[in-house]
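The opening position of the sequence shown corresponds to residue 448 in the numbering used here, with each subsequent residue numbered one higher. Using N, Cα and C, we set each Cβ at its ideal position, and we do this for glycine too. Here's the structure, in structure tokens; my notes come after.
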Amino acid sequence: MFDRMIVATDGSASARTAVKHASELARLAGTSEVLIIHVCPACSVDLDPDEVNRRLASGIVDEAAKAFEGAEAGVRTMIDVDYPPESLGSAIVEIAKRENADLIVLGSRGLSEFRGMLLGSVSSKVVQHASCPVLIVKQPEAS
448 MFDRMIVATD GSASARTAVK HASELARLAG TSEVLIIHVC PACSVDLDPD
498 EVNRRLASGI VDEAAKAFEG AEAGVRTMID VDYPPESLGS AIVEIAKREN
548 ADLIVLGSRG LSEFRGMLLG SVSSKVVQHA SCPVLIVKQP EAS
């Protein structure tokens, strides 16, 4: 059913919840391949932005991959850097198309400097433009 799954993460609480649900779904659905991706927004620091983003993203995708330990699916990770914040959703959709994904999983809210303006825009763009099913996982509100 969902043989090739893309799991997009930015390390936020919502993304961590999405990773947890994706790992359970992969086990239940017998998914054979999971690609965990982190698409980095452009960085505005004096250091080499690609290197800064790659270091941060490596920790994020490595943490997400641990959720799939013990699953029968083959797990790969991918980091893609230097996108303007408004293009992150399009990048996820393009990766899913290129990888022939059967499902994209991501959280409903991510980390963004423009939180108020862009809240939910990545997941909305993915839902609108993806050519495969999309599972948006909402972080439960704290009681």
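Rounded to the nearest angstrom, how far is the Cβ of residue i from that of residue j, given a contact under 8 Å?
i	j	result
residue 528	residue 554	No, residue 528 and residue 554 are not in contact; Cβ-Cβ is about 20 Å, not under 8 Å.
residue 546	residue 453	6 Å
residue 517	residue 480	Not really, about 16 Å apart at Cβ, beyond 8 Å.
residue 577	residue 540	5 Å
residue 512	residue 486	Not really, about 16 Å apart at Cβ, beyond 8 Å.
residue 483	residue 504	Not quite, the Cβ-Cβ distance comes to about 10 Å (not below 8 Å), so this is no contact.
residue 556	residue 461	5 Å
Where does residue i fall in DSSP's three states?
i	result
residue 518	coil
residue 549	coil
residue 488	strand
residue 458	coil
residue 506	helix
residue 563	Reliability of the predicted coordinates at residue 563 is poor, the pLDDT of 37 falling under 50, and the value obtained from them is presented with this limitation in mind. Helix.
How would you label residue i, buried or exposed, when you count the other beta carbons within 10 angstroms and need 16 or more for buried?
i	result
residue 572	buried
residue 509	exposed
residue 448	exposed
residue 580	exposed
residue 488	buried
residue 523	exposed
residue 506	exposed
residue 550	buried
residue 477	exposed
residue 472	buried
residue 563	With a pLDDT of 37 at residue 563, under the threshold of 50, the predicted position of this residue should be treated as unreliable, though the coordinate-derived value follows. By the 10 Å Cβ count, residue 563 comes out exposed.
residue 535	buried
What residues match up with residue i in a beta bridge as DSSP calls it?
i	result
residue 482	453 and 523
residue 581	551
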